[in-house]
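Colleague:
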Amino acid sequence: MTIPKIYLKRRSNEKDGQLWLYYSHGSDKRLEYYTGLRIENQFYNEKYWLSNTKKPIMKGFMYSHQYNKKLEEMKSFAVTLVINEKIHDNDELKKRITKEFRVEKISQSKFPSTESLTDQKDINQPNFGSVDFISYCEFVQAERISGKRPIISGNRQGLNYKYNSLKNPSTTISSLKEYVKYKRIKQLSFNDINVAFYNDYRNYLLNVKKKKISTFSTRVRDIKAFMNEGIDDKLHQNTGHKNKRFIAPKYESTGIALTLEEIRTIQDADIDKYYHHVRDLFLIGCYTALRFSDYSSLELVEIDDSFIRLKQSKTNNRVSIPIMKGLKEILSRYNNKLPPPCSNQHFNRTIKKICSLSEIGLDRVYEIDKYGNKIMWSSKVTSHTGRRSYATNMFKLGVPTILIMSATGHKKEEMFLRYIKATNEEKTRMLADWMEKLDI
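Laid out in structure tokens, this is it:
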């Protein structure tokens, strides 16, 4: 059995090719799987596997880091299926990999160029507002993916969108398509995006689709961003999305935070080796406050002098995080290297299973939903729980907020205080402890 490799399938007279995953997992078994990714031939690293530092896609290719990471996750997942689940049927392997890494494809829309639309004398003409809004969203998203349309605000202003930041807008586009189909209307125009639409779309998501308020808030933010880009492109002058009632609601996160005792219990539990690498990845999150996108792809060169120093993938903020004793124990198990990476989907499924194990002994009924169903504590644990647990535990220990924020990367204290999981009673007790220390 060999390690999986990524090969480039070239076509004659074409400058680009398809990336395929090849994996010989038995004497006569070889998986050949199309990853869904295409790159120009010049950016493929021939025989990259002969080097410990080279990746299939060269750094000169746009999104090379994200694509290489995705390919690494695919390879790791294929090995997991063969080694741990004993799957050797290639058709079943392809089915499982496709299900794990299904990516919604957004093709270049046939939406007309902004130059052709703005080459008219009067931008107040009604045909500007009649342009299909969803087609425009697809056009913008395609330009974001290709790198033709950079980020226009925030810390990463002027830079290209990252792979993970493109997921929510893609989901919003799909949601709008479903909404149009549900309402049995031909299309949404720019002029349709107003408070009346907002209220109806809100009812559709919350009451028909039974989505959470957090989902609706994300959809609204994306719609407002697409509308603003339409104004910048001089395609409409509708400001209905700027109405004070057209808001992305603030909400209390339903995510949970683990106590230090619970984290230690998970770390010390004697569980099957199959779960070790996901458990240890999760504990790294608990001990560093890093996002999954950061701690699942850290390189050893970023760990030195008892600190982890890196630029956060999501925000580009530079952070330095002290290495806690619990983290040192984990790193020592891997010869001061990190556990093998895995996909976010596999991680979330597995960490829920780990937290439900009797060997852990922490699972319990967390809440009862409105239908009377029991929601177990383990089902609330995700890849983000570690980060929230770190911030919450440091806050409860009395570490000054500004110091915790230097580790989490939060810029605004208001956002940080909404993020952590500390009750008013706990905050009051902390205040009392400080008063006692200060003897006042």
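Read in UniProt numbering, the sequence shown has 419 at position 419, and its numbers run on one by one without any break. Ideal placement from N, C-alpha and C gives every residue a C-beta, glycine not left out. Small disclaimer: the values here were computed from a predicted structure and weren't measured.
1. Evaluate Val208 with the Cβ neighbour count: other Cβ atoms within 10 Å of its Cβ, from every protein chain shown; 16 or more gives buried, anything less gives exposed.
2. When you compare only the Cα positions, how much space is there between Asn90 and Lys70?
3. Taking the straight line between their C-alpha atoms, what separation do you get for Ser379 and Ser64?
4. Sorted by chain position, which residues of the same chain lie with C-beta nearer than 6 Å to Arg279's C-beta, five sequence neighbours on each side aside?
5. Going by the DSSP bridge assignment, what does Pro340 pair with across the sheet?
6. Give me the Cβ distance between Leu176 and Ile134, rounded to the nearest whole Å; I'm assuming they're in contact under 8 Å.
7. Which residues share a DSSP beta bridge with Lys9?
8. Would you kindly check if the distance between the Cβ of Met74 and the Cβ of Phe101 is under 8 Å?
9. Just the C-alpha distance for Val195 and Met376, rounded to the nearest angstrom, thanks.
10. Any heavy atom of the ligand GTP closer than 7 Å to the Cβ of Ile308?
11. Rounded to a whole number of angstroms, what is the C-alpha to C-alpha distance between Thr2 and Asp363?
12. Mind the definition here: the stretch 252–259 touches the stretch 323–333 only if three or more C-beta pairs lie below 8 Å; say whether that holds.
13. If you compare alpha carbons, which of Asn168, Ser358, Asn68 is closest to Asp270?
14. When the distance is taken between beta carbons, is Phe77 closer than 8 Å to Ser343?
15. Going by other Cβ atoms of all chains shown within 10 Å of its Cβ, with 16 needed for buried, is Gln31 buried or exposed?
16. Pick out whichever of Asn336, Arg418, Leu205, Thr288 has its Cα sitting closest to the Cα of Tyr182.
17. Between the Cα of Pro169 and the Cα atoms of Ala142, Val381, Ile39, which residue gives the shortest distance?
18. Mind checking which residues open and close the beta strand (DSSP E) that includes Ile375?
19. Determine the direct distance from the alpha carbon of Asn164 to that of Thr239, and round the result to whole angstroms.
20. How far does the beta strand (DSSP E) with Ile402 in it reach, from first residue to last?
21. Applying the 10 Å Cβ sphere with the 16-neighbour rule, what's the burial state of Met405?
22. Measure the alpha-carbon distance for Thr401 versus Thr254 and round it to whole angstroms.
23. By the 10 Å Cβ neighbour count, where 16 or more other Cβ atoms means buried, how is His88 classified, buried or exposed?
24. With distances taken Cα to Cα, identify the nearest neighbour of Lys370 among Tyr179, Lys210, Asp192, Ser146.
25. Around the C-beta of Gly147, are 16 or more other C-beta atoms found within 10 angstroms, so that it is buried, or is it exposed?
26. At what residues does the alpha helix (DSSP H) containing Leu327 begin and finish?
27. Any idea what DSSP makes of Ile440, helix, strand or coil?
28. In this structure, what does DSSP give as the bridge partners for Leu31?
29. For Phe307, which three-state DSSP category applies?
30. Can the beta-carbon of Cys137 be found less than 8 Å from the beta-carbon of Phe216?
31. Mind checking which residues open and close the alpha helix (DSSP H) that includes Glu178?
32. Looking at Ile321: is its Cβ nearer than 8 Å to the Cβ of Thr288?
33. If you draw a straight line from the C-alpha of Pro56 to the C-alpha of Thr408, how long is it?
34. Thinking just about the alpha-carbon of each residue, which of Ile308, Arg429, Ile351, Gln345 is nearest to the one in Lys337?
35. For Gln345, I'd like the list of residues in its chain whose CB is within less than 7 Å of its CB, leaving aside the five on either flank, ordered along the chain.
36. Using the Cα positions of Ser12 and Glu40, report the straight-line distance between them to the nearest angstrom.
Modeller: Checking against the coordinates, here is how it stands:
1. Start at 1 with the first residue of the sequence shown, and residue 208 comes out as number 208. That one is exposed.
2. Residue numbering aside, residue 90 sits at position 90 when the sequence shown is read from its first letter. Residue numbering aside, residue 70 sits at position 70 when the sequence shown is read from its first letter. Looking at the two C-alpha atoms, the distance is approximately 20 Å.
3. Walking along the sequence shown from the start, residue 379 turns up at place 379. Walking along the sequence shown from the start, residue 64 turns up at place 64. In this structure, the CA atom of Ser379 is about 33 Å from the CA atom of Ser64.
4. Numbered from its first residue, the sequence shown carries residue 279 at position 279. Only Ile354 meet the Cβ criterion.
5. Within the sequence shown, the letter at position 340 stands for residue 340. For Pro340, which the question treats as bridged, DSSP gives no partner whatsoever.
6. In the sequence shown, counting from the first residue as 1, residue 176 sits at position 176. In the sequence shown, counting from the first residue as 1, residue 134 sits at position 134. The Cβ separation is near 5 Å, so the contact holds.
7. Your numbering for residue 9 matches position 9 in the sequence shown. Beta-bridge pairing links Lys9 to Gln18.
8. In the sequence shown, counting from the first residue as 1, residue 101 sits at position 101. In the sequence shown, counting from the first residue as 1, residue 74 sits at position 74. Yes, Cβ-Cβ distance for Phe101 and Met74 is below 8 Å.
9. Taking the sequence shown and counting its residues from 1, one reaches residue 195 at position 195. Taking the sequence shown and counting its residues from 1, one reaches residue 376 at position 376. Between the C-alpha atoms of Val195 and Met376 there is a straight-line separation of about 38 Å.
10. As presented, the structure is devoid of all ligands, the ligand GTP included, so that no description of it is given.
11. Here residue 2 refers to the residue found at position 2 when the sequence shown is read from its first residue. Here residue 363 refers to the residue found at position 363 when the sequence shown is read from its first residue. So the two alpha carbons sit approximately 39 Å from each other.
12. no
13. The residue you call residue 270 lines up with position 270 of the sequence shown. Taking only the C-alpha atoms, the option nearest Asp270 is Ser358.
14. Counting from 1 along the sequence shown, the entry for residue 343 is found at position 343. Counting from 1 along the sequence shown, the entry for residue 77 is found at position 77. Taking 8 Å as the Cβ cut-off, Ser343 and Phe77 qualify as a contacting pair.
15. One-based indexing of the sequence shown puts residue 31 at position 31. The residue asked about is misnamed: residue 31 is Leu in this sequence, not Gln. It counts as buried.
16. Here residue 182 is taken as the residue at index 182 of the sequence shown, counted from 1. If we check each option's Cα against that of Tyr182, Leu205 comes out closest.
17. As a position in the sequence shown, residue 169 is number 169, starting the count at 1. Looking at the Cα atoms, Ala142 is the closest of the given residues.
18. By one-based count along the sequence shown, residue 375 stands at place 375. It spans 374–376 - the beta strand (DSSP E) in which Ile375 sits, taken as one unbroken run.
19. Position 239 of the sequence shown, counted from the start, is the residue given in the question as residue 239. Position 164 of the sequence shown, counted from the start, is the residue given in the question as residue 164. Thr239 and Asn164: Cα-Cα distance of roughly 29 Å.
20. In the sequence shown, counting from the first residue as 1, residue 402 sits at position 402. Not the beta strand (DSSP E): Ile402 falls in the alpha helix (DSSP H), residues 401–408.
21. Working through the sequence shown from its first residue, we reach residue 405 at position 405. Met405 should be labelled buried.
22. Here residue 401 corresponds to residue number 401 of the sequence shown, with the count starting at 1. Here residue 254 corresponds to residue number 254 of the sequence shown, with the count starting at 1. Straight-line Cα distance between these residues: approximately 21 Å.
23. For the purposes of this step, residue 88 is identified with residue 88 of the sequence shown, where counting begins at 1. With fewer than 16 Cβ atoms within 10 Å of its Cβ, His88 is classed as exposed.
24. The count along the sequence shown starts at 1 and reaches residue 370 at position 370. If we check each option's Cα against that of Lys370, Lys210 comes out closest.
25. Counting from one through the sequence shown, the residue named residue 147 turns up at place 147. Gly147 comes out exposed.
26. Within the sequence shown, the letter at position 327 stands for residue 327. Where Leu327 is concerned, the enclosing alpha helix (DSSP H) stretches over 325–333.
27. Here residue 440 is taken as the residue at index 440 of the sequence shown, counted from 1. Looking at Ile440 - three-state DSSP - the assignment turns out to be coil, as it is neither helix nor strand.
28. Counting from one through the sequence shown, the residue named residue 31 turns up at place 31. Looking at the DSSP assignment, Leu31 forms a beta bridge with Tyr23.
29. Indexing the sequence shown from 1 puts residue 307 at position 307. Strand, per DSSP.
30. For this step, residue 137 is matched to residue 137 along the sequence shown. For this step, residue 216 is matched to residue 216 along the sequence shown. No, the pair does not count as a contact, with Cβ atoms beyond the cut-off.
31. In the sequence shown, counting from the first residue as 1, residue 178 sits at position 178. Note, Glu178: alpha helix (DSSP H), 167–183.
32. To locate residue 321, count along the sequence shown from 1; it is residue 321. To locate residue 288, count along the sequence shown from 1; it is residue 288. Yes, Cβ-Cβ distance for Ile321 and Thr288 is below 8 Å.
33. The sequence position of residue 56 within the sequence shown is 56, counting from 1. The sequence position of residue 408 within the sequence shown is 408, counting from 1. Taking the straight line from one Cα to the other gives about 32 Å.
34. Here residue 337 refers to the residue found at position 337 of the sequence shown. It is Ile308.
35. For this step, residue 345 is matched to residue 345 along the sequence shown. Hits under 7 Å: Glu100.
36. Here residue 12 corresponds to residue number 12 of the sequence shown, with the count starting at 1. Here residue 40 corresponds to residue number 40 of the sequence shown, with the count starting at 1. Using only the alpha carbons, I get a separation of about 13 Å.
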